[in-house]
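Chemist: Sharing a structure with you now.
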Amino acid sequence: MARKRSRRQVGYAVIGLGHIAQTAVLPAFKHANNAKLVAIVSSNEEKRRKLARRYGCDAFSVDDLDICLDLPDVDAVYIAEPNDKHAEFAVRCAREGVHVLCEKPLAISEEECRRMIEACREAGVKLMTAYRLHFEPSNLEVIKLIEQGRIGDPRFFSSTFAYQVKPGNIRTSAERGGGAIWDLGVYCINAARYLFRADPIEVFALRADRPDDPRFENVHEAMSVLMKFPGDRLAQFTVSFGSYEQDQYRIVGTKGEIVLDQGYEYEGPRTLELSTASGTRTKKFKPADQFAPELIAFSKAVLADRDVEPDGEEGLRDVRIIVAALKSARENRPLTLVWPARHRRPEPRDRIYRPPVREPSPVHIDAPTQ
Numbered sequence: 069m070a071r072k073r074s075r076r077q078v079g080y081a082v083i084g085l086g087h088i089a090q091t092a093v094l095p096a097f098k099h100a101n102n103a104k105l106v107a108i109v110s111s112n113e114e115k116r117r118k119l120a121r122r123y124g125c126d127a128f129s130v131d132d133l134d135i136c137l138d139l140p141d142v143d144a145v146y147i148a149e150p151n152d153k154h155a156e157f158a159v160r161c162a163r164e165g166v167h168v169l170c171e172k173p174l175a176i177s178e179e180e181c182r183r184m185i186e187a188c189r190e191a192g193v194k195l196m197t198a199y200r201l202h203f204e205p206s207n208l209e210v211i212k213l214i215e216q217g218r219i220g221d222p223r224f225f226s227s228t229f230a231y232q233v234k235p236g237n238i239r240t241s242a243e244r245g246g247g248a249i250w251d252l253g254v255y256c257i258n259a260a261r262y263l264f265r266a267d268p269i270e271v272f273a274l275r276a277d278r279p280d281d282p283r284f285e286n287v288h289e290a291m292s293v294l295m296k297f298p299g300d301r302l303a304q305f306t307v308s309f310g311s312y313e314q315d316q317y318r319i320v321g322t323k324g325e326i327v328l329d330q331g332y333e334y335e336g337p338r339t340l341e342l343s344t345a346s347g348t349r350t351k352k353f354k355p356a357d358q359f360a361p362e363l364i365a366f367s368k369a370v371l372a373d374r375d376v377e378p379d380g381e382e383g384l385r386d387v388r389i390i391v392a393a394l395k396s397a398r399e400n401r402p403l404t405l406v407w408p409a410r411h412r413r414p415e416p417r418d419r420i421y422r423p424p425v426r427e428p429s430p431v432h433i434d435a436p437t438q
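Per this note's numbering, residue 69 is the first one in the sequence shown, and the count goes up by one each step.
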């Protein structure tokens, strides 16, 4: 059962102290007044020691996770471990009555996602997939413009997301849930879904393997995916770990188009262009802390005992699509998907802005890009 609390803050343990945790998650607690960093968990002693001193919190090894979860001030966890560890940690934490905020992709199989969802449901705790863009101003502005009819009926979506991954990076390990479709494609899939307000009914994919490049001995280097949505709408995206940096999406309607540059990254400014018959309007969005809004929204749901958005089902749907895309690429054929109704998607009212954090000096980590 979920723990009873009377506090105005939710106490968190952050599990995993890799790049995203150190550069974004841990600093974000400064901007989330209803969330408190209580503990950190890592298998690396140097990270634990130095970061616990920096943030004034407790520190535990992975072997001592149960001791950490027994702390009376730990109400929730933020799981920032590699993809293949998400399900294991989420289920363990749920069984201890601790709420779970988990990085995306939610897991590396549909079965793992369902285990996470069921474990949290049985324990009476909340499960949120960490889709920071569901609160991010520029992405929500795109949704608002579409809802206002500024581009007419949205007909197709296209996107590219790419960078050069460093040799030996965990994102090139098939066993750890690596590959561009898992790490980058999840953003494109989720964006197409929240812009079309629907889920794809057909998926077809092609992959590029680059066996001559040692970085891609075990995973694909790039994938192109085509998705058909209800109403004969189409979405196409290409993701790559071996190309020049790209981060953009475009949605085209019957009366105009919207282009969002740097729409997926969590650092730096964004540029939105709305083009119609009357001309092109450009809007700049300043840099923001995209992780504090996740903490704020999840903590609000925990404290008020409300349903969360994005929940575990949202994460499961993207994993289903990724699995279908991988199967389509292997078998060289389109696959059909059938979905139950989805009633909650990100809305413009979900917008939360916090100023950017100053990136702290890293402890025993490397950036994933070259």
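By construction, the Cβ of each residue, glycine as well, lies at the ideal position given by its N, Cα and C atoms. Since the structure is predicted, the reported quantities are computational estimates derived from the model, not experimental observations.
#1: Could you check what DSSP says for Ser-346 in three-state terms: helix, strand or coil?
#2: Please determine, among Glu-362, Arg-412 and Lys-354, the residue with the shortest C-alpha to C-alpha distance to Ala-381.
#3: So, using beta-carbon positions, are Pro-416 and Leu-201 closer together than 7 Å?
#4: For Gln-314, does the three-state DSSP call read helix, strand or coil?
#5: Can you name the residues that DSSP bridges to Glu-325?
#6: With distances taken between CB atoms, is the gap from Lys-194 to His-154 smaller than 7 Å?
#7: Give the single residue among Asn-151, Ser-110 and Ala-409 whose Cα lies nearest to the Cα of Arg-244.
#8: Can you give the Cα-Cα distance for Leu-133 and Ala-345, rounded to whole angstroms?
#9: Taking all protein chains shown into account, decide if Arg-172 is buried (16 or more other Cβ within 10 angstroms of its Cβ) or exposed.
#10: Who does Ala-127 pair with in a DSSP beta bridge?
#11: According to DSSP, Arg-275 sits in a beta bridge with which residue or residues?
#12: Can you list, in chain order, the stretches of the beta strand (DSSP E) that have 3 or more residues and sit fully within the segment 184-219?
#13: Kindly list the residues whose CB is nearer than 7 Å to the CB of Arg-239, restricted to its own chain and excluding five residues on each side of it in sequence; keep chain order.
#14: Please classify Ile-249: does DSSP put it in a helix, a strand, or coil?
#15: So does the segment 218-231 actually touch the segment 384-403, counting three or more Cβ pairs closer than 8 Å?
#16: Need the endpoints of the alpha helix (DSSP H) that Ser-396 sits in, please.
#17: Does the separation of the CB atoms of Pro-282 and Asp-357 fall below 7 Å?
#18: Report, in whole angstroms, the separation of the C-beta atoms of Leu-274 and Met-291, which I expect to be a contact under 8 Å.
#19: Would a C-beta distance cut-off of 7 Å place Pro-140 and Phe-353 closer than the cut-off?
#20: Give me whichever residues DSSP pairs with Leu-302 in a beta bridge.
#21: With the cut-off set at 7 Å, would you say Val-431 and Lys-118 are in Cβ contact?
#22: Between Ile-364 and Ala-107, which are expected to be in contact by the criterion C-beta below 8 Å, what is the C-beta distance as a whole number of angstroms?
#23: By Cβ distance below 6 Å, which residues in the same chain neighbour Glu-164 in space, the five residues on each side in sequence not counted?
#24: DSSP on Val-307, reduced to helix/strand/coil?
#25: Can you tell me where the beta strand (DSSP E) holding His-167 begins and where it ends?
#26: Let's test the definition: count the other Cβ atoms within 10 Å of the Cβ of Gly-347 and tell me whether it reaches 16, buried, or not, exposed.
#27: If you check the beta carbons only, do Asp-386 and Ile-257 fall under 7 Å apart?
#28: How many Å lie between Tyr-317 and Val-327 at the Cα?
#29: Should Tyr-312 go down as buried or exposed, given a rule of 16 or more other Cβ atoms within 10 Å for buried?
#30: In terms of residue numbering, what span does the alpha helix (DSSP H) encompassing Ala-162 cover?
#31: Considering only residues of the same chain and omitting the five flanking positions on each side of Val-376, which have a CB-CB separation below 8 Å?
#32: Kindly indicate which residue of Gly-84, Pro-268, Pro-355 and Ala-409 has the alpha-carbon position closest to the one of Glu-156.
#33: Just the C-alpha distance for Arg-223 and Ala-248, rounded to the nearest angstrom, thanks.
#34: Using a Cβ-based criterion (distance less than 6 Å to any ligand heavy atom), does Phe-97 qualify as near the ligand SAM?
#35: Where does the unbroken beta strand (DSSP E) through Val-145 begin, and where does it stop?
Modeler: On the basis of the data shown:
#1: coil
#2: It is Glu, not Ala, that sits at residue 381 in the sequence shown. The candidate whose alpha carbon is nearest that of Glu-381 is Arg-412.
#3: no
#4: strand
#5: Val-320 and Ser-343
#6: no
#7: Asn-151
#8: Their Cα atoms are separated by approximately 58 Å.
#9: The amino acid at residue 172 is misidentified as Arg; the sequence shows Lys. By the neighbour-count criterion, in which a residue is buried when 16 or more other Cβ atoms sit within 10 angstroms of its Cβ, Lys-172 is buried.
#10: Beta bridge pairing from DSSP links Ala-127 with Ile-108.
#11: Met-291
#12: 195-197
#13: Val-233, Gly-246, Asp-251, Phe-309 and Pro-436
#14: Ile-249 falls in the helix class under three-state DSSP.
#15: Because the criterion of three Cβ pairs below 8 Å is not met, the segment 218-231 and the segment 384-403 do not touch.
#16: 380-399
#17: no
#18: 7 Å
#19: no
#20: Phe-224 and Lys-296
#21: yes
#22: So it is not a contact: roughly 20 Å between Cβ atoms.
#23: Leu-137
#24: strand
#25: Run containing His-167: 167-170, per the beta strand (DSSP E) assignment.
#26: exposed
#27: Cβ atoms of Asp-386 and Ile-257: closer than 7 Å.
#28: 6 Å
#29: exposed
#30: 154-163
#31: Lys-194, Leu-195, Met-196, Ala-365, Phe-366 and Ala-369
#32: Among Gly-84, Pro-268, Pro-355 and Ala-409, the Cα nearest to that of Glu-156 belongs to Gly-84.
#33: 26 Å
#34: Ligands displayed in this structure: none; no statement on the ligand SAM is therefore possible.
#35: 144-147
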